Amino acid sequence: MTQIFGDFVEVPPTSNEFLVIGFSPSSIPLKHRWRNNGLSANFMADYVTTFFPKSEDDPTTANLQNEIKSAVSFIANELLENAMKFSDYNVNYPISIQLYLKTDRLIFVVVNSINQEKFESFQLFIEKLIHSDSQEFYIEQIEKSLDSENSSGLGYLTMINDYLARLGWKFEDLQTEPKVMTVTTMVQLFI
Numbered sequence: 283m284t285q286i287f288g289d290f291v292e293v294p295p296t297s298n299e300f301l302v303i304g305f306s307p308s309s310i311p312l313k314h315r316w317r318n319n320g321l322s323a324n325f326m327a328d329y330v331t332t333f334f335p336k337s338e339d340d341p342t343t344a345n346l347q348n349e350i351k352s353a354v355s356f357i358a359n360e361l362l363e364n365a366m367k368f369s370d371y372n373v374n375y376p377i378s379i380q381l382y383l384k385t386d387r388l389i390f391v392v393v394n395s396i397n398q399e400k401f402e403s404f405q406l407f408i409e410k411l412i413h414s415d416s417q418e419f420y421i422e423q424i425e426k427s428l429d430s431e432n433s434s435g436l437g438y439l440t441m442i443n444d445y446l447a448r449l450g451w452k453f454e455d456l457q458t459e460p461k462v463m464t465v466t467t468m469v470q471l472f473i
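Converting from the sequence shown to our numbering requires adding 282 to each position, the first position being numbered 1.
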């Protein structure tokens with residue numbers, strides 16, 4: 283079974299420029315890699331800025347490079363944190379983050395496992411995110427996060443509100459015994 287929500291599009295594998303980082307749960311438990319999320323996100327941000335070189339003749343290129351670097355670092359870090367936090371550690375499934383460079387956008391794709399209980403609550407959050415005013419939902423989630431630090435969703439809302447990103451999700455059942463479900467989160471950042 284496959285379910286798609288939001289602005290999810292399949293990324294063609296023939297993309298000219300892309301970066302993939304994978305995290306295997308078998309070497310070091312993924313929960314112990316939490317501190318590496320920022321390091322990985324910053325690496326991706328540094329990598330992508332090489333495609334937006336600074337020009338001594340045009341000072342706006344430095345601003346563009348800094349904006350892209352900041353956006354990539356934030357989005358990649360948030361996606362990795364969510365993947366690490368909500369993965370189903372009982373199925374030993376790796377987490378991957380991919381960054382594709384297109385002519386008009388950057389596309390982030392994160393794949394991780396998820397259990398049925400987390401899937402159901404995440405699906406409800408996604409439905410509300412898709413059908414709500416993002417500014418109002420942001421305020422609502424800030425208030426909600428004061429009561430519970432596990433259910434904010436502020437990262438996704440910041441991507442939408444501050445970076446005008448488009449988000450989509452694909453949920454897939456990979457096998458039934460034991461049940462393995464994955465979620466692919468896609469963020470499109472227009473440049």
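We treat Cβ as the ideally placed atom computed from N, Cα and C, and that holds for glycine.
All values reported here derive from a predicted model rather than from experimental measurement.
So what's residue i in DSSP terms, helix, strand or just coil?
{"i": "LEU471", "result": "strand"}
{"i": "MET463", "result": "strand"}
{"i": "ARG315", "result": "helix"}
{"i": "ILE396", "result": "strand"}
{"i": "GLN385", "result": "Checking the sequence, you will find Thr at residue 385 rather than Gln. DSSP places THR385 in coil when its eight states are reduced to three."}
{"i": "ILE286", "result": "strand"}
{"i": "ASP455", "result": "strand"}
{"i": "ASP444", "result": "helix"}
{"i": "ASN324", "result": "helix"}
{"i": "GLU349", "result": "helix"}
{"i": "GLU409", "result": "helix"}
{"i": "TYR438", "result": "helix"}
{"i": "ILE310", "result": "coil"}
I'd like the span of the beta strand (DSSP E) that includes residue i, first residue to last.
{"i": "ILE421", "result": "First-last for ILE421: 416-429, but that is the alpha helix (DSSP H), not the beta strand (DSSP E)."}
{"i": "THR332", "result": "Looking at the DSSP string, THR332 is not in any beta strand (DSSP E), and its letter there is neither H nor E."}
Comparing C-alpha positions only, which one of the options sits nearest to residue i?
{"i": "SER322", "options": "PHE453, LEU456, ALA358, TRP451", "result": "ALA358"}
{"i": "ALA352", "options": "TYR329, ASN397, ARG315", "result": "As written in the sequence, residue 352 is Ser, which differs from the Ala given in the question. It is TYR329."}
{"i": "SER416", "options": "ILE389, LEU301, GLU402, GLY437", "result": "GLY437"}
{"i": "GLU363", "options": "THR385, ASP340, THR342, ILE379", "result": "ILE379"}
{"i": "ASN298", "options": "LEU456, LEU388, PHE368, VAL469", "result": "LEU388"}
{"i": "TYR382", "options": "THR284, LEU471, TRP316, MET283", "result": "LEU471"}
{"i": "PHE419", "options": "PHE390, VAL465, GLN398, MET441", "result": "MET441"}
{"i": "ASN324", "options": "LEU346, PHE300, VAL354, ILE303", "result": "VAL354"}
{"i": "THR466", "options": "TRP316, PHE368, ILE350, THR343", "result": "PHE368"}
Using DSSP's beta-bridge definition, name the partner residues of residue i.
{"i": "LEU449", "result": "VAL469"}
{"i": "PHE390", "result": "LEU381, VAL469"}
What are the boundary residues of the alpha helix (DSSP H) that includes residue i?
{"i": "ILE303", "result": "From DSSP, ILE303 is part of no alpha helix (DSSP H) but of the beta strand (DSSP E) over 299-305."}
So is residue i buried or exposed if we call it buried at 16+ other beta carbons inside 10 Å?
{"i": "VAL469", "result": "buried"}
{"i": "ASP370", "result": "buried"}
{"i": "TRP451", "result": "buried"}
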